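Take a look at the structure set out below.
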Amino acid sequence: MGRRRHIRRIGVAAVIATLALGVVVAQAGGASVDGSNYSFKPRTVRIQKGGKVKWHWVNGRHTVTFVKGSYDKILSRNHPTRSRTFKRRGTFRYYCRFHRSLDMKGKVVVG
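The numbering of the sequence shown is the working numbering, which starts it at 1 and goes up by one.
What follows is the structure in structure tokens.
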């Protein structure tokens, strides 16, 4: 009985740590990210190949700019959602051009 409680506590601690780090577990259909207060939440999302990530404007004016490639979209009141489908596996890093110095960045891990 004591061992089961210990294992359950470890599992709960792992879930809390994952949420605190802002990581979303791999999702087959896609994932959502909020852009607000100089951060992307969650900061890291994991999706399957062929999945889509949607960025949602909450406040401010931001961009979703990928380090590699030509995807550079404004996220604002006039453009409240942006999305991108990922057709190949890999890690794709992005940032906000306006708030890069404030460490506003994220990544998409495609498995």
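For glycine and all other residues, C-beta sits at the position ideal for the given N, C-alpha and C. Being a predicted model, the structure only gives us computed values, none of them experimental.
Ignore the nearest five residues each way along the sequence and tell me which others in residue i's own chain have a CB closer than 6 angstroms to its CB.
{"i": "I74", "result": "T63"}
{"i": "A31", "result": "V24, V45, I47, V53"}
{"i": "R61", "result": "S76"}
{"i": "L102", "result": "Y38"}
Would residue i and residue j qualify as a contact pair, given that the criterion is a beta-carbon distance under 8 angstroms?
{"i": "Y38", "j": "H79", "result": "no"}
{"i": "V58", "j": "G35", "result": "yes"}
{"i": "V67", "j": "R89", "result": "no"}
For residue i, name the three-state secondary structure that DSSP assigns.
{"i": "S101", "result": "helix"}
{"i": "L21", "result": "Interpretation of L21 is limited by its pLDDT of 44, a score under 50 that renders its predicted location unreliable; no figure is taken from the coordinates."}
{"i": "T41", "result": "Checking the displayed sequence, the identity of residue 41 turns out to be Lys instead of Thr. Here K41 sits in strand by DSSP."}
{"i": "K49", "result": "coil"}
{"i": "F92", "result": "strand"}
{"i": "S36", "result": "strand"}
{"i": "V64", "result": "strand"}
{"i": "H56", "result": "strand"}
Output needed for residue i: all residues of its chain with C-beta closer than 8 angstroms, excluding positions within five of it in sequence on either side, in chain order.
{"i": "V120", "result": "The structure shown does not extend to residue 120, since the chain is modelled only from 1 to 111, so the question has no answer here."}
{"i": "F86", "result": "I47, K49, G50, G51, K52, V53, F92, V108, V110"}
Ordered along the chain, which non-local residues of its own chain (more than five positions away) have a Cβ less than 7 angstroms from that of residue i?
{"i": "R97", "result": "T63, T65"}
Can you confirm whether the segment 68–84 touches the segment 40–50 when touching is taken to mean that 3 or more C-beta pairs between the two stretches lie within less than 8 angstroms? no
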